[in-house]
Amino acid sequence: MPPTLQTVVRRMGLRPLAGGLPPDTVVRWVAVSELADPTPYLEGDELLLTTGLRLEGDLAGYVGRLVARGVAGLGFGVGVSHAEVPPALVEAAGRAGLPLLEVPRETPFIAIGKAVSELLAAEQYEEITRAFAAQGRLTRAALRPEGMHAVVDRLAKEVGGWAALLDETGAVRHATRGARTEGVTAELGRLLTGHPRPFVAGEERQGEGGRGRWPASLALSGPGEHIVVQPLGGARPRGFFAVGAREAFSPVTHTVINAAGSLLTLAMEQGRTQAAAERRVRSAALDLLLSGAGQQARDVLAALGGRLPEPPLTVLAARADALDVLETRVFAAPEPHAGDVVFALVPEALVEEVAGEADAPVGVSLPATYDPASLTTALDQARRALDAAQHPLQEVGGPRVVRFGELAGQGLLGLLDQATAQAFATALLAPLTAYGSRADLVESLRAYLESNGHWDAAAQRLGIHRHTLRYRMRRVGDLLGRDLDDPGVRAELWLALEAARRYPVTSCATGSS
């Protein structure tokens, strides 16, 4: 949770004057404002800092507005506009129960903001560390002989509540002590038979169900009860798991629940062929890599005798039907949570060889590492390169292996598909192409941009007087409703002109002869 107001006060040496220091008051941010009413710019739980420059008149109303907005406290900096905190403000804060703190002259407001930022960052790091540690414990549980039951038992301990495993009909197959599954099984039964009950006040439900349709996820909440239900398997779940606790689940807990869902799904897939199971393991390992859980990914692969290539590596993307070939040579896995694309992690020295054996269009990323950001970028690059390799305009017999670096060398248009580029050019240039069917405005604009806005050079290129060109550019600006002196506008217009030239259509024709 965010740092408490007490922690901030102790760390910064602030002096409480009124309102007390409730132990459960948290500080989610620090805001500085000298406005008489800063509440429109606040969200709640802020420590508001002011020097009282504009504080006058009804201070009780000022305090009341802050309390209504839910600020964590008010810090008053003395020694600037006030030698001491106004007694009327102290009295108003005391009556309203607003924590009022004196900020010494030698304590900069920015120092308080930095301190709170550091505390928030430390809390976030601790949450991530807890999540990774929990994922590791769940992974080890999944490797035990009890398999799925061990994961469910471990999950209940991680969330401080209960967990249960259900089959595809919603019947309980395994549950921990204290599990309250009656409502879960009843709700799943209604969803799976196409008779979901109406929403209940205070309850959250995600996804839809019906005969032949299953909920993507289900969250139920009520007084002292918070339950999450997730399906296990693909489009047609072959089971569900539920987890419940008295307190609402935090982001860290949701991460742990999702990790358990991935592990349970993997365990359930062990009932299928060994090849299918291994593919899902590799997909989960790739997901763990993308989330920064590199060691857990290696642990999962090690249990199957697999391993990851040493960095630096290159990502290859291919259609799903290329998996049979790729997985015999390198680490290859279906795209996590989708599966329509196969990603392979390949040492750079083997890229050409492996890509050639795929016998299908292949996209190749730039070199990458196992850093989550680097790997995520590489997967996106490989997918974009694959899209280019499968482009309908690809020449027959042309290269079926496209590297992302080659795409980048084609400029920004090389990263856009034809339909998107054509639609962009058509919409942006329509006022010009429709203007009396005259092409001189479009060609004049192109010459103007190619000459970097130099009138004489552009006019000479067009064979017209510069005053004529100035008139045309004013007309272009009026028709488009844009300022041609704006660099951003010029960039958009240049991209539209290039798209119109590269992918000409009737509505985007420049009319050049």
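Under the UniProt record's numbering, residue 513 is the last one in the sequence shown; the count climbs by one each step, no gaps. Just so it is clear, CB atoms sit at the ideal spot from N, CA and C, and this is done for glycine as well.
Residue range of the alpha helix (DSSP H) that includes residue i
i	result
residue 127	109-142
residue 7	5-12
residue 220	Taken as a continuous stretch (DSSP letters only), residue 220 belongs to no alpha helix (DSSP H), being part of the beta strand (DSSP E) at 218-222.
residue 185	182-192
residue 587	Since the first residue shown for the chain is 1 and the last is 513, residue 587 is missing from the structure and cannot be characterised.
residue 64	59-69
C-alpha distance - residue i paired with residue j, whole-angstrom precision
i	j	result
residue 232	residue 287	16 angstroms
residue 357	residue 258	36 angstroms
residue 92	residue 59	7 angstroms
residue 35	residue 22	26 angstroms
residue 51	residue 486	40 angstroms
residue 72	residue 82	22 angstroms
residue 285	residue 306	11 angstroms
residue 494	residue 370	37 angstroms
residue 393	residue 401	In this prediction, residue 393 has a pLDDT of 47, which is less than 50 and means its spatial position is unreliable; what the coordinates show is noted afterwards. For residue 393 and residue 401, the distance between alpha carbons rounds to 15 angstroms.
residue 453	residue 375	41 angstroms
residue 62	residue 37	7 angstroms
Neighbour-count burial assignment, residue i, 16 or more Cβ in a 10 Å radius
i	result
residue 268	buried
residue 154	buried
residue 223	exposed
residue 3	buried
residue 281	buried
residue 80	exposed
residue 95	exposed
residue 118	exposed
residue 336	buried
residue 488	exposed
residue 124	exposed
residue 472	buried
residue 443	buried
Proximity of residue i and residue j at Cβ, strictly below 8 angstroms
i	j	result
residue 156	residue 150	no
residue 326	residue 300	no
residue 253	residue 152	no
residue 89	residue 101	no
residue 309	residue 331	yes
residue 56	residue 29	no
residue 364	residue 403	yes
residue 368	residue 378	yes
residue 425	residue 496	yes
residue 65	residue 25	no
residue 67	residue 103	no
residue 447	residue 461	yes
residue 242	residue 256	no
residue 385	residue 317	yes
residue 283	residue 245	no
residue 226	residue 260	no
Beta-carbon separation (whole angstroms), residue i vs residue j, contact threshold 8 angstroms
i	j	result
residue 12	residue 112	5 angstroms
residue 175	residue 169	Contact flag wrong, Cβ pair sits at about 15 angstroms.
residue 441	residue 482	At roughly 13 angstroms, the Cβ-Cβ gap does not stay under 8 angstroms, so residue 441 and residue 482 are not in contact.
residue 477	residue 484	5 angstroms
Residue span of the beta strand (DSSP E) that contains residue i, given as start and end
i	result
residue 334	331-334
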